[in-house]
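Structure first, commentary second.
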Amino acid sequence: MLGRHTLFYLLARALPGAVNFIAIAFYTRLLSPGEYGQYTLLLSTAALLNVVCFQWLRVGLLRYLPMYEAERKDAFMGTVWTGCLLIMGITGAGLCVVGSLGWLPTGLPWGLVLGTLWIFACFDLFLEAARSGLSPIRYGILSISKSVLTVATGVGFAYFGLGGRGLVYGLMIGMVVPLAFFGQMIWRQVRPSLLDRAILRQLWQYGWPLTLTFSLGYLIYSSDRFLLGYFLGEEMTGTYAVSYDLTQQTLVLVMVVVNLASYPLIVRALEDKGIEEAAQRLKSAAVLLLTVSLPMTVVFISLATNISDVLFGASFRTVAAQIMPWIAISAFLQGFKSYYLDQAFQLGRKTSLQIWPVLGALVINLLLNVWWIPIWGVLGSAYAACCAYGFACLTSWALGRRVFPMHLPLREFAKTLLASGLLALMFALLSGWSGIVALVVQGVVGAVVYLGVVLVFNVGGVRQQVRAMRSRRTGERV
83 MLGRHTLFYL LARALPGAVN FIAIAFYTRL LSPGEYGQYT LLLSTAALLN VVCFQWLRVG
143 LLRYLPMYEA ERKDAFMGTV WTGCLLIMGI TGAGLCVVGS LGWLPTGLPW GLVLGTLWIF
203 ACFDLFLEAA RSGLSPIRYG ILSISKSVLT VATGVGFAYF GLGGRGLVYG LMIGMVVPLA
263 FFGQMIWRQV RPSLLDRAIL RQLWQYGWPL TLTFSLGYLI YSSDRFLLGY FLGEEMTGTY
323 AVSYDLTQQT LVLVMVVVNL ASYPLIVRAL EDKGIEEAAQ RLKSAAVLLL TVSLPMTVVF
383 ISLATNISDV LFGASFRTVA AQIMPWIAIS AFLQGFKSYY LDQAFQLGRK TSLQIWPVLG
443 ALVINLLLNV WWIPIWGVLG SAYAACCAYG FACLTSWALG RRVFPMHLPL REFAKTLLAS
503 GLLALMFALL SGWSGIVALV VQGVVGAVVY LGVVLVFNVG GVRQQVRAMR SRRTGERV
């Protein structure tokens with residue numbers, strides 16, 4: 083089941099990822115670094131508020147829907163959606179009060195931030211409902227339609243001179259249209275009579291430590307942009323952000339696909355069969371996670387210059403090529419922590435412990451950014467991210483193994499490292515190639531080499547899985 087769900091979620095995330103890949107090529111040619119910087123700061127603010135205010139509902143939905151699915155599902159989903167609307171009202175009133183007191187930072191269109199926040203909240207909650215309900219097809223429809231609509235309208239707005247705000251308008255349209263299409267499924271669950279205070283309390287008690295953790299984690303991700311804007315200005319923020327977004331989102335994409343498929347299955351195994359079965363499923367997910375993420379990290383480290391030359395506009399390329407390898411390392415560490423190490427806290431129901439690694443990493447990131455940005459510029463920010471996420475991984479491992487069994491498959495990890503090392507060697511031999519054709523050839527040759535090595539080393543028992551798939555197909559034909 084894990085392999086099948088992974089394939090579904092891969093398609094659901096790979097197609098939007100490919101669209102976003104193409105979008106960056108347009109954005110960096112239609113917008114100046116300063117305009118992209120404005121878009122980045124606005125979006126980062128809305129996304130941070132989304133995590134702070136609504137994340138506890140999403141993680142609670144993912145954790146407890148399997149428990150309530152057989153009985154009281156209507157009460158559970160009604161509580162979730164009614165709670166979401168209540169928080170939307172509170173955030174709107176709160177921003178109005180803070181704005182009337184003159185406490186909001188100037189320079190941001192706060193009405194647009196609020197609208198983006200509300201749409202983010204509803205769309206992300208609906209995505210989590212599809213994921214928790216093991217509905218990868220619905221998840222894929224939502225993700226793909228959002229991506230295509232966002233890019234199509236965003237590029238159009240940017241072409242007609244709306245700048246960074248045009249990209250935000252495109253993002254809002256990309257989420258509103260799918261929500262409107264599925265709106266009946268949502269609004270029939272929004273009934274105050276279905277609100278169950280006991281369920282809401284359960285969601286809050288489980289979710290607030292994770293919300294704090296995710297908020298701190300997002301601050302690690304976004305604080306460098308605010309500090310770069312303070313020290314170096316919006317133009318350098320935009321140049322840094324476009325490279326960071328491409329690298330981080332691509333790497334996290336392949337890692338989140340594994341998590342999207344595996345985590346609901348691990349939770350159900352924990353509920354139905356106990357801790358040991360869940361631990362074994364977590365171990366299998368860890369092998370798959372490294373098998374897909376390590377080679378992608380090698381790609382961005384080895385081919386940074388050619389990727390930057392092909393995808394980015396001229397004003398973005400030089401800085402992008404410099405920071406891309408370091409961003410790839412930090413993104414890998416971030417994803418490994420989020421989608422493997424942190425699972426121990428959630429499965430062991432000790433989510434409050436998850437706060438400390440992220441809090442320490444945030445402090446390290448802020449201090450190093452303030453110290454290194456004046457010395458090394460954008461490279462200083464990339465160095466700081468690597469150090470912060472490295473610290474977070476080490477402390478998450480030290481704490482997480484105490485609350486839930488984590489069986490590290492060291493032999494499979496070693497095979498994956500060796501396969502990725504051979505991939506890096508192959509890229510080194512092709513390092514003199516440049517241009518879009520060369521990039522495609524490098525990617526195809528790299529994929530063939532890596533998959534061949536994975537099969538030879540039988541990473542994660544892949545040969546047995548291939549034989550099992552063939553046997554099932556043969557049986558179906560018979």
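When you number the sequence shown by our numbering, it's gap-free, plus one each residue, and the end is 560.
Heads up, the beta-carbon is just placed ideally off N, CA and C, and yes, glycines get one too.
Using only the alpha-carbon positions, how far apart do residue i and residue j sit?
i	j	result
residue 156	residue 276	7 Å
residue 496	residue 531	17 Å
residue 325	residue 119	12 Å
residue 468	residue 154	45 Å
residue 261	residue 385	38 Å
residue 97	residue 182	43 Å
residue 546	residue 539	12 Å
residue 282	residue 99	34 Å
residue 453	residue 447	10 Å
residue 228	residue 249	13 Å
residue 464	residue 410	10 Å
residue 401	residue 218	38 Å
residue 358	residue 149	19 Å
residue 471	residue 328	18 Å
residue 309	residue 346	37 Å
residue 349	residue 356	10 Å
residue 517	residue 390	10 Å
residue 353	residue 172	34 Å
residue 198	residue 307	19 Å
Return yes when the Cβ of residue j is within less than 8 Å of the Cβ of residue i, no when it is not.
i	j	result
residue 55	residue 482	The structure shown has nothing for residue 55, since the chain only spans 83 to 560.
residue 201	residue 159	no
residue 535	residue 501	yes
residue 506	residue 380	yes
residue 241	residue 333	no
residue 110	residue 398	yes
residue 351	residue 487	no
residue 285	residue 437	no
residue 331	residue 102	yes
residue 237	residue 105	yes
residue 209	residue 224	yes
residue 311	residue 117	no
residue 292	residue 455	no
residue 498	residue 527	no
residue 213	residue 130	no
residue 53	residue 433	Shown here, the chain extends from 83 to 560; a query on residue 53 therefore has no answer.
residue 204	residue 169	no
residue 239	residue 251	yes
residue 207	residue 166	yes
residue 393	residue 211	no
Ignore the nearest five residues each way along the sequence and tell me which others in residue i's own chain have a CB closer than 6 Å to its CB.
i	result
residue 133	296, 297 and 300
residue 503	none
residue 253	232
residue 383	407 and 410
residue 403	386, 387 and 390
By Cβ distance, which residues of its chain are closer than 8 Å to residue i, with the 5 residues on each side in sequence left out?
i	result
residue 520	388 and 512
residue 560	At residue 560 the pLDDT is 48, less than 50, meaning the model places this residue with poor confidence; the figure from the coordinates comes in the next sentence. Here the set comprises nothing.
residue 255	231, 232 and 235
residue 408	461, 464, 465, 467 and 468
residue 450	462, 465, 466, 469 and 470
With a CB to CB cut of under 7 Å and the five nearest residues on each side skipped, what residues in its chain are close to residue i?
i	result
residue 278	157 and 161
residue 195	124, 127 and 128
residue 414	333, 375 and 379
residue 395	110 and 111
residue 549	none
residue 544	536 and 537
residue 377	502, 505 and 532
Is the region 457–472 touching the region 316–327 in the sense that three or more CB pairs, one from each, lie closer than 8 Å? yes
State whether the region 137–151 contacts the region 160–175, with contact taken as three or more CB pairs (one from each stretch) at a distance under 8 Å. The region 137–151 is in contact with the region 160–175.
Are the region 330–344 and the region 359–379 touching, with three or more C-beta to C-beta distances below 8 Å? yes
With a floor of 4 residues, list each alpha helix (DSSP H) that falls wholly inside the region 440–526, ordered by position along the chain. 460–482 and 492–511
Minimum length 4: unbroken alpha helix (DSSP H) runs contained in the region 152–195: 155–182
Do the region 422–436 and the region 473–482 make contact, defined as three or more Cβ pairs closer than 8 Å? Taking a cut-off of 8 Å for Cβ pairs, the region 422–436 and the region 473–482 touch, as three or more such pairs fall below it.
How do the region 437–444 and the region 470–480 stand: do at least 3 beta-carbon pairs fall below 8 Å, yes or no? yes
Please list the segments of the alpha helix (DSSP H) lying wholly inside the region 194–259, counting only runs of 4 or more residues, in order along the chain. 218–241
4 or more residues per run - each alpha helix (DSSP H) lying fully within the region 344–427: 357–384, 386–393 and 396–418
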